Amino acid sequence: DVKVTQSSRYLVKRTGEKVFLECVQDMDHENMFWYRQDPGLGLRLIYFSYDVKMKEKGDIPEGYSVSREKKERFSLILESASTNQTSMYLCASRNTGTGGYEQYFGPGTRLTVT
Amino acid sequence: SQKIEQNSEALNIQEGKTATLTCNYTNYSPAYLQWYRQDPGRGPVFLLLIRENEKEKRKERLKVTFDTTLKQSLFHITASQPADSATYLCAPRRWNNRLAFGKGNQVVVIP
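Order-wise, the sequence lines are chains A and B.
Residue 47 in our numbering sits at position 37 of the first sequence; the count goes up by one each step and never skips.
Residue 127 in our numbering sits at position 61 of the second sequence; the count goes up by one each step and never skips.
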């Protein structure tokens, strides 16, 4: 089974702090994604990485950056956390080789910025 | 602009009945559409993918239809069970090979 893990289930940070959210997948998937999910807004794509050191902006990249130095790990960075970044953050991976294109999600990190 | 519509009201259904959820999309011509299940506080879990040239797909008690003329997908859970209670997300493929997720439709199966 594909496993996607995220470094924390719950995180509380202060406004202005630099925040790192880590995601690791164990199935050698090329693609990885970071989403945020808010009530009434659904899942929105922040950043997408199609391979190591490759990244593309999603729909809402402002205030975020990402890093993918190794295939299995995709990090989301909040350079200076703000209260409007309080949200559920979900990481996902996808293997383009299977042709199925389904995404495998981690358990999520609920981030609160105070 | 591209839109995905799922019913925002929860669907309450008696155990054993068939639950039917609707996903409507506009300004898309997705090559495929996926359905995911999400439990509270958890990440979505992939259920089914249906391609534009497929009318219907089944997996155990789940059935998905895809009508590219109506721009609509229907998701059915037959013989529903309390364990089927969750939120179900529709996700058509976008032009750049990413997914666009609907806001989800909650299903509550009453014993």
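The beta carbon of each residue, even a glycine, is placed where N, CA and C say it ideally should be.
These numbers were taken from a predicted model, which means no experiment stands behind them.
Through-space distance from L77(B) to N171(B), alpha-carbon basis
Locating residue 171(B) in the second sequence gives position 105, where the first residue counts as 1. Locating residue 77(B) in the second sequence gives position 11, where the first residue counts as 1. Taking the straight line joining both Cα atoms gives about 8 angstroms.
Okay, do the stretch 77-88 of chain A and the stretch 33-40 of chain A touch, 3+ Cβ pairs below 8 angstroms being the bar?
Short answer: they touch.
Run the CB neighbour count on A166(B), radius 10 Å, all protein chains shown included, and call it buried at 16 or more, exposed below.
Within the second sequence, numbered from 1, the residue matching residue 166(B) stands at position 100. By the neighbour-count rule (16 or more Cβ atoms within 10 Å), A166(B) is buried.
Beta strand (DSSP E) containing Q138(B): first to last residue?
For the purposes of this step, residue 138(B) is identified with residue 72 of the second sequence, where counting begins at 1. For Q138(B), the enclosing beta strand (DSSP E) stretches over residues 138-143.
If I follow the unbroken beta strand (DSSP E) through L115(B), where does it start and stop?
Sequence index remark: in the second sequence, residue 115(B) carries index 49 (1-based). Run containing L115(B): 111-117, per the beta strand (DSSP E) assignment.
May I have the straight-line CA-CA distance separating Q113(A) from S103(A), to the nearest angstrom?
For this step, residue 113(A) is matched to residue 103 along the first sequence. For this step, residue 103(A) is matched to residue 93 along the first sequence. Answer to the nearest angstrom: the Cα atoms are 6 angstroms apart.
Note down, in chain order, each residue of its chain lying with its Cβ closer than 8 angstroms to the Cβ of R19(A), except the 5 sequence neighbours on either side.
Reading the first sequence from its first residue, position 9 is the one you call residue 19(A). Around R19(A), the same chain offers P117, G118, T119, R120 as residues with beta carbons nearer than 8 angstroms, after the five sequence neighbours per side are excluded.
Selection from I70(B), R159(B), W161(B), A145(B) that minimises the alpha carbon distance to G50(A):
In the first sequence, the residue the question calls residue 50(A) occupies position 40. The candidate whose alpha carbon is nearest that of G50(A) is I70(B).
Report all residues from its chain with a CB closer than 7 angstroms to the CB of H39(A); omit the five preceding and five following residues, and keep chain order.
Locating residue 39(A) in the first sequence gives position 29, counting from the first residue. Answer for H39(A): S103, R104, N105, listed in chain order.
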